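**Student:** Below: one structure in structure tokens.
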Amino acid sequence: MAGQQRVYKQRIKSTQSLKKMFRAQELIAASRIGRARDRVAMAAPYARAITRAVSAVATHSDVRHPFLVEREDTNRVAVLLIASDRGMAGAYSASVIRETERLVQRLEGEGKQVALYVSGRRAVAYYTFRRRELAGQWSGFSDAPTPEVADEIAESLLEAFQAPADEGGVGELHIVFTQFVNMVTQRPRVVRMLPLEVVEGVAAVDEHEALPLYEFEPGPEEVLDALLPRYVRTRIYANLLQAAASELAARQRAMHTATENAEDLIRTYTRLANQARQSEITQEISEIVSGADALAAS
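As structure tokens, this is what we get:
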């Protein structure tokens, strides 16, 4: 019985240490989530504005820009996965990796060859363990991305998109990230970035409605040349910010649940330790009484 009591006390001590660590991680995530949400909110207007500008030029001009048309000289496609650097965030990384696997299977089912670009140590470790070749990888900033990091990723992807087919050029660019909806809901999302798939910010025009007159200086092709790379960088940065806010929210929620579970375990082990102690006392009293009875009988 004494051995059991000692085991339960050791478990209580180790669980208390884990509880402190979970609580600290929860507080760290809670202190950072506010800033991450502010950064998402601040980046959103610029992302919407440049999306509307690109949509307006693409809609009201007849330019066949390379970023707007399907490439027929290659079947390679690039997929950028945005995950986290650290664990303890519940199913955050697993969800976005699962969504990426579904996308990769769909693309390979269409006869396309996938070049995988990964951001976040968790996803890098996942694919490295499975000996999956990565075309590019970045890590160390998942909960606080910067515009410089977004520019570096965008530069690599744009270089692949503009490269000739015999030099590994890709015909499509997809991004898988986690959209931050609120503190409770974060959704994995797949977006085809290039060729430009969805024209956002331009309402459907009625057939009897006069079309607006646009004049581009120096010309629509030059405007697209300047806007589209900036559009890709802006969208990648916005997606990194969304993923960072989602990661922190998921970590705060997961650590709060882990703290509560640790408290339940401590209560359970404390009750078992008390039961073991009572059993030990009962056994000692029984042995004393038995010994006294034996002495009296002799």
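With positions in the sequence shown counted from 1, the corresponding number in our numbering is that position plus 833. Beta carbons: idealized from backbone N, C-alpha and C, even for Gly. Fair warning: this is a prediction, and the values are worked out from it, not measured in the lab.
Could you tell me which residues DSSP pairs with alanine 948 in its beta bridges?
**Tutor:** For alanine 948, which the question treats as bridged, DSSP gives the partners Ala911.
**Student:** Look at tyrosine 879 and tyrosine 1102 and say whether their C-beta atoms are less than 9 Å apart.
**Tutor:** no
**Student:** Going by beta carbon distance, what residues of the same chain come within less than 6 Å of glutamine 970, once the five residues before and after it are set aside?
**Tutor:** Val951 and Val957
**Student:** Would you decide whether asparagine 1072 is buried or exposed? Buried here means 16 or more other CB atoms lie within 10 Å of its CB.
**Tutor:** buried
**Student:** Given this structure, state the Cα-to-Cα distance separating proline 1053 from methionine 1088, to the nearest angstrom.
**Tutor:** 51 Å
**Student:** Which same chain residues end up closer than 6 Å to serine 989 when comparing Cβ atoms and leaving out the 5 residues on each side of it in sequence?
**Tutor:** Once the five neighbours on either side are set aside, the close Cβ partners of serine 989 are Gly969.
**Student:** Just to confirm my understanding: we take arginine 865, look at its own chain, exclude 5 residues before and 5 after, and list those with CB closer than 6 Å. What are they?
**Tutor:** If the five residues before and after arginine 865 are omitted, its C-beta is found closer than 6 Å to the C-beta atoms of Leu1081, all from its own chain and listed in chain order.
**Student:** Can you give the Cα-Cα distance for isoleucine 858 and serine 926, rounded to whole angstroms?
**Tutor:** Inspection of the sequence shows that residue 858 is occupied by glutamine rather than by isoleucine. Roughly 17 Å between the two C-alpha positions.
**Student:** For arginine 931, tell me which candidate among Asp1126, Pro1021, Leu1128 and Ala1083 has the shortest Cα-Cα distance.
**Tutor:** Pro1021
**Student:** With a CB to CB cut of under 7 Å and the five nearest residues on each side skipped, what residues in its chain are close to valine 947?
**Tutor:** These residues qualify, in order along the chain: Val910, Val912, Val937, Leu940 and Glu941.
**Student:** Are leucine 1074 and valine 873 close, meaning C-beta to C-beta below 9 Å?
**Tutor:** yes
**Student:** Let me check one thing: in DSSP terms, what residues is histidine 1007 bridge-paired to?
**Tutor:** Val912 and Arg1025
**Student:** Using DSSP's beta-bridge definition, name the partner residues of glutamine 1019.
**Tutor:** Phe1013
**Student:** List the whole-angstrom C-beta distance separating threonine 1188 from leucine 914, where the pair is believed to meet the contact cut-off of C-beta under 8 Å.
**Tutor:** Nothing about residue 1188 can be reported from this structure: the residues present for the chain run from 834 to 1131 only.
**Student:** Identify the continuous alpha helix (DSSP H) that holds glycine 1124 and give its terminal residues.
**Tutor:** 1053 to 1130
**Student:** What residues in its chain sit with their C-beta under 7 Å from that of leucine 1098, if we drop five residues either side in the sequence?
**Tutor:** Once the five neighbours on either side are set aside, the close Cβ partners of leucine 1098 are Thr848.
**Student:** Compare the C-alpha of methionine 854 against each of Arg1084, Phe962 and Arg964 and name the closest.
**Tutor:** Arg1084
**Student:** Which residue marks the beginning of the alpha helix (DSSP H) containing valine 942, and which one marks its end?
**Tutor:** First, the residue type needs correcting, since residue 942 is glycine and not valine in the sequence shown. Annotation for glycine 942: the continuous alpha helix (DSSP H) segment containing it runs 925 to 942.
**Student:** Tell me which same chain residues have a C-beta within less than 8 Å of the C-beta of glutamate 966, skipping the five on either side of it?
**Tutor:** Only Leu949 meet the Cβ criterion.
**Student:** By the 10 Å Cβ neighbour count, where 16 or more other Cβ atoms means buried, how is aspartate 976 classified, buried or exposed?
**Tutor:** buried
**Student:** Relative to the C-alpha of tyrosine 1070, which residue among Glu903, Ala862, Thr1011 and Arg1110 is closest?
**Tutor:** Thr1011
**Student:** Short check: CB of arginine 1066 to CB of alanine 987, under 9 Å?
**Tutor:** yes
**Student:** If we count the other Cβ atoms within 10 Å of its Cβ and call it buried at 16 or more, is isoleucine 1008 buried or exposed?
**Tutor:** buried
**Student:** In angstroms with no decimal places, state the Cα-to-Cα distance between tyrosine 959 and leucine 901.
**Tutor:** Computed Cα separation, rounded: 33 Å.
**Student:** In the DSSP assignment, find the alpha helix (DSSP H) that holds threonine 979 and state where it starts and stops.
**Tutor:** From DSSP, threonine 979 is part of no alpha helix (DSSP H); its letter is neither H nor E.
**Student:** Taking glycine 1001 as part of the beta strand (DSSP E), name the residues at either end of that continuous run.
**Tutor:** No beta strand (DSSP E) holds glycine 1001; DSSP gives it neither H nor E.
**Student:** Among the residues of its own chain, which have a CB less than 6 Å from the CB of arginine 1025, if the five just before and after it don't count?
**Tutor:** His1007
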